[in-house]
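A.B. asks: FYI, the numbering for the sequence shown is 215 to 290, going by my numbering.
The beta carbon of each residue, even a glycine, is placed where N, CA and C say it ideally should be.
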Amino acid sequence: MSVHDVAVIGCGVTGAFIARALSRCRIRTVVIERGPDACSGTSRANSGVVHAGFYSMPGTLKAELCVEGNRRYAAL
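1) Since V222 and T243 should fall inside the 8 Å C-beta cutoff, what is the C-beta to C-beta distance between them, to a whole number of angstroms?
2) When the Cα atoms are used, what is the spatial distance from C225 to E247?
3) Using only the alpha-carbon positions, how far apart do G273 and R286 sit?
4) Using only CA atoms, which one of V281, C239, C280 and L279 lies nearest to D219?
5) Kindly identify the DSSP beta-bridge partner or partners of V222.
6) Can you grab the Cα-Cα spacing for the pair S237 / A230, in whole Å?
7) Which residues bound the alpha helix (DSSP H) around C280?
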């Protein structure tokens, strides 16, 4: 029987990224996805596009998180 430290529910853009980040930290991770493939739900219906934050109001939490997310995305 396999033992995992973390179960990630859903393998959309966010779930896949979280699972990858955890595995890079050597955390035993399993992903549970109800669909036939990764990113086959909401992430697919969003044209597979990750929001870049072009329209976020400067100074808001959303704008700050978009900037940080874009910075981290480049490190993938």
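C.D. replies: With the structure as the only source:
1) 6 Å
2) 6 Å
3) 19 Å
4) C239
5) V245
6) 11 Å
7) L275 to A288
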